[in-house]
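Engineer: After the structure tokens below, expect a handful of questions from me.
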Amino acid sequence: MKANRPRIRLAGLALAAILMLSLTACGSKGSGAANGAAMDSTTEAYSPEASADSGTSAPLISPEATAESSRKIIYTASVEMESTDYDATRQGILDAVAAAGAYLQSSYQYGNAQDANRSSQYCVRVPVENYSALLTSLGETGNVLSQSESTDDITASYIDVEARLSALETQRDRLNQLADQAETTADLLEIESQLSDVQYQIESYTGQLRAMQDQVTYSTVDIYLNEVATLTPTGVTFADRLADAFFGGWQAFASLVQNVFLAVVYLLPLILVAAVIITLCVVLGRRRAKRRPRRPGPMPPVPPASGTGPEATYMDPAMDDRILMPDDSPNTDSGKPKPPQTGPKY
Numbered sequence: 001m002k003a004n005r006p007r008i009r010l011a012g013l014a015l016a017a018i019l020m021l022s023l024t025a026c027g028s029k030g031s032g033a034a035n036g037a038a039m040d041s042t043t044e045a046y047s048p049e050a051s052a053d054s055g056t057s058a059p060l061i062s063p064e065a066t067a068e069s070s071r072k073i074i075y076t077a078s079v080e081m082e083s084t085d086y087d088a089t090r091q092g093i094l095d096a097v098a099a100a101g102a103y104l105q106s107s108y109q110y111g112n113a114q115d116a117n118r119s120s121q122y123c124v125r126v127p128v129e130n131y132s133a134l135l136t137s138l139g140e141t142g143n144v145l146s147q148s149e150s151t152d153d154i155t156a157s158y159i160d161v162e163a164r165l166s167a168l169e170t171q172r173d174r175l176n177q178l179a180d181q182a183e184t185t186a187d188l189l190e191i192e193s194q195l196s197d198v199q200y201q202i203e204s205y206t207g208q209l210r211a212m213q214d215q216v217t218y219s220t221v222d223i224y225l226n227e228v229a230t231l232t233p234t235g236v237t238f239a240d241r242l243a244d245a246f247f248g249g250w251q252a253f254a255s256l257v258q259n260v261f262l263a264v265v266y267l268l269p270l271i272l273v274a275a276v277i278i279t280l281c282v283v284l285g286r287r288r289a290k291r292r293p294r295r296p297g298p299m300p301p302v303p304p305a306s307g308t309g310p311e312a313t314y315m316d317p318a319m320d321d322r323i324l325m326p327d328d329s330p331n332t333d334s335g336k337p338k339p340p341q342t343g344p345k346y
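The opening position of the sequence shown corresponds to residue 1 in the UniProt record's numbering, with each subsequent residue numbered one higher.
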């Protein structure tokens with residue numbers, strides 16, 4: 001047994017070297033083929049003839065134009081629509097999805113019918129052979145505002161994963177043969193450890209291939225539907241644009257009046273409660289004011305007595321009589337009377 005160990009190890013090293021060379025060769029060949037396929041895909045998918053119809057509801061990219069067994073292309077589209085009859089358009093979209101053999105991966109709806117502001121979003125997975133037919137049917141159910149499409153050529157990645165998976169499967173078969181030929185427990189455990197790692201990588205690459213194949217087989221179409229009162233204007237002349245602007249402004253004004261009225265009605269209970277509270281406060285305040293005794297106001301000034309005050313010292317020149325000041329007296333210092341006052345004394 002000990003003599004066979006070097007042989008088993010040499011065989012294992014040789015097998016590992018062969019697998020490394022095969023992976024390198026497959027990867028280089030896959031990359032070259034994928035690059036050539038990617039160049040062809042870009043040329044056909046974005047040709048002038050395809051972009052000329054970008055304003056219509058027809059598909060911009062046709063899978064039939066690039067349907068080759070050696071190419072793996074993922075098709076994705078996004079369609080934005082509007083309609084004045086939301087229910088009919090929504091049902092038409094669902095019917096078109098069912099007719100194309102597609103299924104809804106996800107859907108979302110919000111808004112209500114009373115306000116006429118409903119919107120829907122759908123993520124549809126459609127078989128690639130019915131991709132163009134579904135886009136054409138969607139253009140007939142409602143007014144298409146915008147439509148965008150894109151392609152993703154994953155041929156290079158797909159071929160690379162396939163090559164790696166094939167090499168790992170070959171390595172797994174060889175390890176199984178070595179496990180059958182192992183003569184010691186240590187060699188068997190080492191081979192089984194390598195076999196477990198290889199099996200894990202095989203499952204990982206297998207899952208990647210399945211995911212890529214699912215994306216290639218089923219295209220993804222995102223649909224957005226909005227409910228509107230009037231469709232988006234499509235007039236190109238000045239008169240059409242003027243008429244659309246007038247009616248649009250009038251509708252906006254009517255909507256504003258309605259919203260203001262609804263706001264007043266919405267706040268009406270609060271306004272009534274506030275009015276009742278203010279009225280009660282005013283009534284109670286008046287009652288309290290009536291019950292309180294009135295305080296006496298300030299006393300009016302007492303007029304000065306006659307013969308006093310500044311005006312009593314004024315003498316009118318026209319008067320002949322002498323007006324004596326309060327401090328005047330008939331007594332004199334030298335027995336002589338004082339001369340009369342000829343002017344006001346302050």
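Backbone N, C-alpha and C define an ideal beta-carbon position, used for all residues, glycine too.
These figures come from a predicted structure and were not determined experimentally.
Decide if T230 is buried, meaning its Cβ has at least 16 other Cβ atoms within 10 Å, or exposed.
Structural biologist: Sequence index remark: in the sequence shown, residue 230 carries index 230 (1-based). Counting the other Cβ atoms within 10 Å of the Cβ of T230 gives fewer than 16, which makes it exposed.
Engineer: Look at V161 and I74 and say whether their C-beta atoms are less than 8 Å apart.
Structural biologist: Translated into the one-based positions of the sequence shown, residue 161 becomes position 161. Translated into the one-based positions of the sequence shown, residue 74 becomes position 74. Contact flag unset, no.
Engineer: Could you tell me the distance, in whole angstroms, from the CA atom of L256 to the CA atom of R210?
Structural biologist: As a position in the sequence shown, residue 256 is number 256, starting the count at 1. As a position in the sequence shown, residue 210 is number 210, starting the count at 1. Distance between the alpha carbons of L256 and R210 is about 54 Å.
Engineer: Look up L104 in the DSSP assignment and give the residues it is bridged to.
Structural biologist: In the sequence shown, residue 104 corresponds to position 104, counting from 1. V124, per the DSSP bridge assignment.
Engineer: Quick check on Q171: buried or exposed, where buried means 16 or more other Cβ atoms within 10 Å of its Cβ?
Structural biologist: The count along the sequence shown starts at 1 and reaches residue 171 at position 171. It is buried - the Cβ of Q171 has at least 16 other Cβ atoms within 10 Å.
Engineer: DSSP three-state label for I154, please.
Structural biologist: Within the sequence shown, residue 154 is the residue found at index 154, counting from 1. In this structure, I154 counts as coil in the three-state DSSP scheme.
Engineer: For D222, which of helix, strand or coil comes out of DSSP?
Structural biologist: Counting from one through the sequence shown, the residue named residue 222 turns up at place 222. It is a strand residue.
Engineer: In the DSSP assignment, what residue or residues form a beta bridge with A77?
Structural biologist: In the sequence shown, counting from the first residue as 1, residue 77 sits at position 77. DSSP lists E149 and V221 as partners of A77.
Engineer: Can you tell me which residues form a DSSP beta bridge with N143?
Structural biologist: Translated into positions along the sequence shown, residue 143 becomes position 143. Note: N143 sits in a beta bridge opposite E82.
Engineer: Could you tell me which residues DSSP pairs with E227 in its beta bridges?
Structural biologist: Along the sequence shown, one-based indexing puts residue 227 at 227. S83.
Engineer: Based on the DSSP output, what are the partners of Q109 in its beta bridges?
Structural biologist: Numbered from 1 along the sequence shown, position 109 holds the residue referred to as residue 109. Q109 pairs with S120.
Engineer: Measuring CA to CA, which of R71, V260 and M81 is closest to T151?
Structural biologist: As a working note, residue 151 is residue 151 in the sequence shown. Nearest of R71, V260 and M81 to T151, Cα basis: R71.
Engineer: Can you tell which of E227, V260, T220 and Q121 has its C-alpha closest to the C-alpha of A88?
Structural biologist: Counted from its first residue, the sequence shown places residue 88 at position 88. The shortest C-alpha separation from A88 is found at E227.
Engineer: Taking the alpha helix (DSSP H) that Q251 belongs to, which residues open and close that run?
Structural biologist: Here residue 251 refers to the residue found at position 251 of the sequence shown. Note, Q251: alpha helix (DSSP H), F238 to R291.
Engineer: Counting beta carbon pairs with one atom in the segment 102–110 and one in the segment 123–139, are three or more of them shorter than 8 Å?
Structural biologist: yes
Engineer: Is DSSP giving E169 helix, strand or coil here?
Structural biologist: Counting from one through the sequence shown, the residue named residue 169 turns up at place 169. Of the three classes helix, strand and coil, the one that applies to E169 here is helix, per DSSP.
Engineer: Does the segment 171–182 touch the segment 190–208, meaning 3 or more C-beta pairs lie closer than 8 Å?
Structural biologist: yes
Engineer: Got a sec? Which residues, its chain only, sit under 6 Å from A100 by beta carbon, not counting five neighbours each side?
Structural biologist: Here residue 100 refers to the residue found at position 100 when the sequence shown is read from its first residue. Closer than 6 Å at the Cβ level, and outside the excluded window around A100, lie V126, N130, A133 and L134.
Engineer: Do you know offhand how far A77's Cα is from S148's?
Structural biologist: Taking the first residue of the sequence shown as 1, we reach residue 77 at position 77. Taking the first residue of the sequence shown as 1, we reach residue 148 at position 148. If I take the Cα positions, the gap works out to 6 Å.
Engineer: Residues in its own chain within less than 7 Å of S146 by CB, not counting five upstream and five downstream?
Structural biologist: For this step, residue 146 is matched to residue 146 along the sequence shown. Cβ neighbours of S146 beyond the five flanking positions: E80.
Engineer: Under the assumption that L225 contacts S119 (Cβ atoms under 8 Å), give the Cβ distance between them as a whole number of angstroms.
Structural biologist: Here residue 225 refers to the residue found at position 225 when the sequence shown is read from its first residue. Here residue 119 refers to the residue found at position 119 when the sequence shown is read from its first residue. Right, the Cβ-Cβ distance comes to about 7 Å (below 8 Å), so this counts as a contact.
Engineer: Cα separation between V273 and Q258?
Structural biologist: Within the sequence shown, numbered from 1, the residue matching residue 273 stands at position 273. Within the sequence shown, numbered from 1, the residue matching residue 258 stands at position 258. Answer to the nearest angstrom: the Cα atoms are 24 Å apart.
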